[in-house]
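A short write-up of the structure that comes next.
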Amino acid sequence: MQIAVLANDASINAEGQELGDPTEVAMVAFSNKINQPYGELREAYPREAELPFDSERKLMSTIHTIDGERLLLTKGGPDVVFGRSTKILVGTQVLPLTKERLDKIKEQNEHFSDRALRVLAFAYRPLEKKEALDFDAEHDLILVGIMAMIDPPREEVYAAVAEAKEAGIKTVMITGDHKTTARAIARDIGIAEEDDLALTGQELDNLSDRELDAVLERVSVYARVSPENKIRIVRAWQKKGHVTAMTGDGVNDAPALKQADIGIAMGSGTDVAKEAAAMVLTDDNFVSIVSAVGVGRNVYDNIKKAIAYLFSGNLGAIIAIIAALLMDWVNPFTALQLLFINLVNDSIPAIALGMEKGEPDVMSRKPRDPNEGIFSGDTLVSVIYRGVLIGAAVILSQFIGLGYSAEMSVAMAFSTLIIARTLQTFPARSNSQTAIGAGFFTNKYVLYAVAFCSTLYGATLLPAVRGIFSIPANFGLKQFGMAAGLALTAVALMEATKLVIKRIRN
Numbered sequence: 003m004q005i006a007v008l009a010n011d012a013s014i015n016a017e018g019q020e021l022g023d024p025t026e027v028a029m030v031a032f033s034n035k036i037n038q039p040y041g042e043l044r045e046a047y048p049r050e051a052e053l054p055f056d057s058e059r060k061l062m063s064t065i066h067t068i069d070g071e072r073l074l075l076t077k078g079g080p081d082v083v084f085g086r087s088t089k090i091l092v093g094t095q096v097l098p099l100t101k102e103r104l105d106k107i108k109e110q111n112e113h114f115s116d117r118a119l120r121v122l123a124f125a126y127r128p129l130e131k132k133e134a135l136d137f138d139a140e141h142d143l144i145l146v147g148i149m150a151m152i153d154p155p156r157e158e159v160y161a162a163v164a165e166a167k168e169a170g171i172k173t174v175m176i177t178g179d180h181k182t183t184a185r186a187i188a189r190d191i192g193i194a195e196e197d198d199l200a201l202t203g204q205e206l207d208n209l210s211d212r213e214l215d216a217v218l219e220r221v222s223v224y225a226r227v228s229p230e231n232k233i234r235i236v237r238a239w240q241k242k243g244h245v246t247a248m249t250g251d252g253v254n255d256a257p258a259l260k261q262a263d264i265g266i267a268m269g270s271g272t273d274v275a276k277e278a279a280a281m282v283l284t285d286d287n288f289v290s291i292v293s294a295v296g297v298g299r300n301v302y303d304n305i306k307k308a309i310a311y312l313f314s315g316n317l318g319a320i321i322a323i324i325a326a327l328l329m330d331w332v333n334p335f336t337a338l339q340l341l342f343i344n345l346v347n348d349s350i351p352a353i354a355l356g357m358e359k360g361e362p363d364v365m366s367r368k369p370r371d372p373n374e375g376i377f378s379g380d381t382l383v384s385v386i387y388r389g390v391l392i393g394a395a396v397i398l399s400q401f402i403g404l405g406y407s408a409e410m411s412v413a414m415a416f417s418t419l420i421i422a423r424t425l426q427t428f429p430a431r432s433n434s435q436t437a438i439g440a441g442f443f444t445n446k447y448v449l450y451a452v453a454f455c456s457t458l459y460g461a462t463l464l465p466a467v468r469g470i471f472s473i474p475a476n477f478g479l480k481q482f483g484m485a486a487g488l489a490l491t492a493v494a495l496m497e498a499t500k501l502v503i504k505r506i507r508n
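Going by the working numbering, 292 is the number at position 290 of the sequence shown; the sequence numbering is gapless.
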């Protein structure tokens, strides 16, 4: 326990705040619990020199004078400490570290690792009075023992990993833990399946690029890896055309964070890691990454919905204008009417569509191709279909208006277009769900936008204003009813088509 506390940089202040690496914090907290206050130990045996932990050595060593003897105290990964030890402390006796004794300790280490416990080994070596502390000093160690602890995953991580998997996101664990420990944790939380592979950094080094490429998608766990290994893993996934996100908190993680498409640094991480990353996770929680994916998909969906809404409305107007030209009718819209629709009437619903909460299947879809255009697949079909329906309604409305007069045809075409474009806000909310299915009142901003646009249209019918918008005085309730009925029919067909498609797909 003395080695665990003295070769340790963590502390717990007077307010109970834990400072430092969580693993080291656990050791000083445990020391306090067994009535061996870590502060008293450090005061009694002050640190004279140290070799800090790094991911290459997997060791940390410090020098202290204990009972008049100058000692090198070392803690680190069991495999590394075992490899540098030649003796073992048994009770108060220092004995040779025979193969039989080492195998027994290794067996216990594997037992701990299989239970997803994190294991550290501890050793020491007496030093000559003037012996300097350098990396060569960590040899001929006297093994004292091993300590196992658990860093339990947060409860919400299980659901987050499952949600990520459903969303087509493969989670890969890259850790400094022992391979067996890492694999046990990965299986427990759902990252690794029974037949998935786990590789150590050394095993990864022994693989050629071609061999790694062959097994890459089956490897869910990498243990005891170096910074170079991390970069190689990221590049291997990118080579296969995948978008990669990498998390990290240390200086050694910075190159991989920089290489990844999305580098994610922990809020508690080093400044170097934060500088190299594209984003910082302030709560250090994997769940937040999965939530961010959902939010990002929803934002992208809403942008597509707003653009599709604008394009389909404009396509309807273009179809009506082309039809009027072909049939030698009067132009169905004046310039002022189009300006009013595009600059005033359309912008508010488009903004409201950006406030949609998201499709129910947003985290059930596979990731989209990063090279995929915004008008691809269902979006393009939806834009064209809605535009054609709006255009057909306007053409029919203008045709009916021509039975009265040219001025009436323009007024009816304008009315049908503005009503159809306003009401198509409801079908524009989703490509798969009707407005009722999506929850008519779940986006109050759409309701506000439709009410606002309806008020604006109503204002154009006021006697003092209608002349400005080329609406004749004899445009009455009958003409409005026909124009609105055609617009409603177009919107109803949009919604009905969704139900038909849904039934066919089911």
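Don't be surprised by glycine CBs; every beta carbon is placed ideally from N, CA and C.
Quick one, which of the options has its alpha-carbon nearest residue i's?
| i | options | result |
| --- | --- | --- |
| residue 195 | 202, 414, 164 | 164 |
| residue 125 | 148, 112, 108 | 148 |
| residue 202 | 225, 190, 217 | 225 |
| residue 53 | 324, 136, 263 | 136 |
| residue 223 | 175, 308, 307 | 175 |
| residue 139 | 93, 122, 428, 83 | 83 |
| residue 143 | 131, 469, 76 | 76 |
| residue 368 | 184, 171, 328, 323 | 171 |
| residue 529 | 129, 115, 130 | Shown here, the chain extends from 3 to 508; a query on residue 529 therefore has no answer. |
| residue 91 | 461, 211, 145 | 145 |
| residue 261 | 24, 231, 400 | 231 |
| residue 479 | 413, 443, 366, 31 | 413 |
| residue 173 | 162, 179, 181, 180 | 162 |
| residue 61 | 78, 70, 74, 307 | 78 |
| residue 238 | 213, 227, 365, 228 | 213 |
Can you round the beta-carbon distance between residue i and residue j to whole angstroms, since I take them to be within the 8 Å contact cut?
| i | j | result |
| --- | --- | --- |
| residue 269 | residue 284 | 4 Å |
| residue 49 | residue 64 | 5 Å |
| residue 436 | residue 490 | So it is not a contact: roughly 14 Å between Cβ atoms. |
| residue 266 | residue 291 | 7 Å |
| residue 16 | residue 33 | About 17 Å; that fails the 8 Å criterion. |
| residue 354 | residue 424 | Going by Cβ atoms, the distance from residue 354 to residue 424 rounds to 11 Å, so no, they are not a contact pair. |
| residue 275 | residue 251 | 6 Å |
Cα separation between residue i and residue j?
| i | j | result |
| --- | --- | --- |
| residue 466 | residue 166 | 58 Å |
| residue 439 | residue 246 | 35 Å |
| residue 72 | residue 47 | 10 Å |
| residue 326 | residue 332 | 7 Å |
| residue 281 | residue 415 | 50 Å |
| residue 410 | residue 305 | 36 Å |
| residue 357 | residue 296 | 14 Å |
| residue 257 | residue 58 | 15 Å |
| residue 215 | residue 221 | 10 Å |
| residue 486 | residue 315 | 16 Å |
| residue 313 | residue 347 | 14 Å |
| residue 188 | residue 197 | 12 Å |
| residue 253 | residue 273 | 8 Å |
| residue 396 | residue 298 | 37 Å |
| residue 386 | residue 323 | 16 Å |
| residue 26 | residue 10 | 6 Å |
| residue 104 | residue 242 | 43 Å |
| residue 418 | residue 441 | 26 Å |
| residue 219 | residue 24 | 31 Å |
Secondary structure at residue i, three-state DSSP: helix, strand or coil?
| i | result |
| --- | --- |
| residue 147 | strand |
| residue 36 | coil |
| residue 47 | coil |
| residue 160 | helix |
| residue 13 | strand |
| residue 424 | helix |
| residue 90 | strand |
| residue 63 | strand |
| residue 358 | coil |
| residue 140 | coil |
| residue 376 | coil |
| residue 126 | strand |
| residue 389 | helix |
| residue 58 | coil |
| residue 419 | helix |
| residue 200 | strand |
| residue 107 | helix |
| residue 71 | strand |
| residue 505 | helix |
Could you tell me whether any non-hydrogen atom of the ligand MN is closer than 7 Å to the CB of residue i?
| i | result |
| --- | --- |
| residue 228 | Ligands displayed in this structure: none; no statement on the ligand MN is therefore possible. |
Would residue i pass as an interface residue toward chain C - the criterion being a Cβ-Cβ separation below 8 Å?
| i | result |
| --- | --- |
| residue 235 | Among the protein chains of the structure shown there is no chain C, as only one such chain exists. |
> Which ranges would you report for the beta strand (DSSP E) in the region 433-502 if only whole runs of at least 3 residues count?
Replying inline: Taken in chain order, the whole beta strand (DSSP E) runs of length 3 or more contained in the region 433-502 number zero.
> In the region 218-282, which residue ranges form an unbroken beta strand (DSSP E) of at least 3 residues, counting only runs that do not cross its ends?
Replying inline: With a minimum length of 3 residues, the continuous beta strand (DSSP E) runs that stay inside the region 218-282 are 221-225, 247-250, 264-268.
> Which parts of the region 157-196 are runs of the beta strand (DSSP E), unbroken and 3 residues or longer, counting only runs that do not cross its ends?
Replying inline: 175-177
> Along the chain, which unbroken stretches of the alpha helix (DSSP H) at least 4 residues long are found entirely within the region 285-337?
Replying inline: 288-328
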